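Engineer:
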Amino acid sequence: MSQNYVFPPAPQASVPVHGSGQRYAVARIFCVGRNYAAHAREMGADPEREPPFYFHKTPAALVESGATAPYPPGTQNLHYEMELVIAIGQPAFRVTPEQALACVWGYACGLDMTRRDLQNTAKQAGRPWSFGKDFENAAVISALRPASQIGHPAAGRIHLAVNGQVRQDSDLKEMIWRVPEVVANLSHYYHLRPGDLIYTGTPEGVGAVQPGDRLSGGIDGVGEIALTIGPAD
Ligand code: MN
Numbered sequence: 040m041s042q043n044y045v046f047p048p049a050p051q052a053s054v055p056v057h058g059s060g061q062r063y064a065v066a067r068i069f070c071v072g073r074n075y076a077a078h079a080r081e082m083g084a085d086p087e088r089e090p091p092f093y094f095h096k097t098p099a100a101l102v103e104s105g106a107t108a109p110y111p112p113g114t115q116n117l118h119y120e121m122e123l124v125i126a127i128g129q130p131a132f133r134v135t136p137e138q139a140l141a142c143v144w145g146y147a148c149g150l151d152m153t154r155r156d157l158q159n160t161a162k163q164a165g166r167p168w169s170f171g172k173d174f175e176n177a178a179v180i181s182a183l184r185p186a187s188q189i190g191h192p193a194a195g196r197i198h199l200a201v202n203g204q205v206r207q208d209s210d211l212k213e214m215i216w217r218v219p220e221v222v223a224n225l226s227h228y229y230h231l232r233p234g235d236l237i238y239t240g241t242p243e244g245v246g247a248v249q250p251g252d253r254l255s256g257g258i259d260g261v262g263e264i265a266l267t268i269g270p271a272d
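Just so you know, we're using my numbering here: the sequence shown kicks off at 40 and counts up by one.
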């Protein structure tokens, strides 16, 4: 029975599951702010003493790997951030790190695209990061792979190239807060549930891209991701 909506609702945001016809329906997108010490230092922060912090992207920001995304409006400094993405598969509320992995359905490669100039202006003014982080095509994601097939990656190369030149090249074991700790920590603030994605932060080597640039990256055991920057919107 159809509802009496004023206009048709937007389609459900979702991510393909690798090697199957299925899709993972997305509810919320959480992002860890700084999670690799060398990247925190390149952003001017002291990484060692800070507990994790988060920002959000809306599901409307999702775009699938392989797409061409227009250079977004309102920025002169669009950055890539290559990240491991966690997909929650079971409710998680106030779980311990030991309990956390049982709540993870799978993993993907992600690009946390960032309007760095807007983020930096917001940071300096003590304002929210939303305009710098949450915009159309800002949450790039590869197909998900279930943990039942690939396990829970705690180590492995994470890398990103721009036009074939490697810019980010690190290892998941360099994460300050590991996957079980991120899920456990976030579960003390939210009732995590299936459909929730968590971008886990980026290693050092972030930088600007221009229209026409081709981004390609990957995480050992998780998959690969690509994005082409189109002409300015
Ligand atoms: Mn990030």
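A virtual CB, placed ideally from N, CA and C, is assigned to each residue, including glycine. In this text the structure is predicted, and so the values were computed from the model without any measurement.
Rounded to a whole number of angstroms, what is the C-alpha to C-alpha distance between Glu137 and Pro109?
Structural biologist: 42 Å
Engineer: Which residues neighbour the ligand MN when neighbourhood means a C-beta less than 5 Å away from any of its non-hydrogen atoms? List them by chain order.
Structural biologist: Glu120, Asp151 and Thr241
Engineer: If you drop the 5 nearest sequence neighbours on each side, which residues of the same chain put their C-beta closer than 6 Å to that of Phe170?
Structural biologist: Hits under 6 Å: Leu157.
Engineer: Check whether the Cβ atoms of Lys172 and His95 sit closer than 9 Å, and answer yes or no.
Structural biologist: Their beta carbons are under 9 Å apart, which means Lys172 touches His95 by this criterion.
Engineer: Which value, in whole angstroms, describes the spacing of the CA atoms of Tyr63 and Thr107?
Structural biologist: 22 Å
Engineer: Specify the secondary structure class of Ser226 as computed by DSSP and reduced to three states.
Structural biologist: coil
Engineer: Could you check the C-alpha separation between Pro98 and Leu150 for me, to the nearest Å?
Structural biologist: 14 Å
Engineer: Find the nearest neighbour of Leu236 within the set Thr135, Ser181 and Arg154, judged by alpha-carbon distance.
Structural biologist: Comparing Cα positions, the closest option is Ser181.
Engineer: Please tell me whether Gly240 and Tyr75 are closer than 9 Å, where the distance is taken between their beta carbons.
Structural biologist: yes
Engineer: With a cut-off of 8 Å on the beta carbons, I'd call Glu81 and Glu213 a contact; round off their distance for me.
Structural biologist: Not really, about 13 Å apart at Cβ, beyond 8 Å.
Engineer: Suppose the cutoff is 8 Å on Cβ atoms and the five residues either side in sequence are ignored; what does the same chain contact list for Asn224 look like?
Structural biologist: Pro90, Pro91 and Trp216
Engineer: Indicate whether Thr114 and Arg155 have their beta-carbon atoms separated by less than 9 Å.
Structural biologist: Yes.
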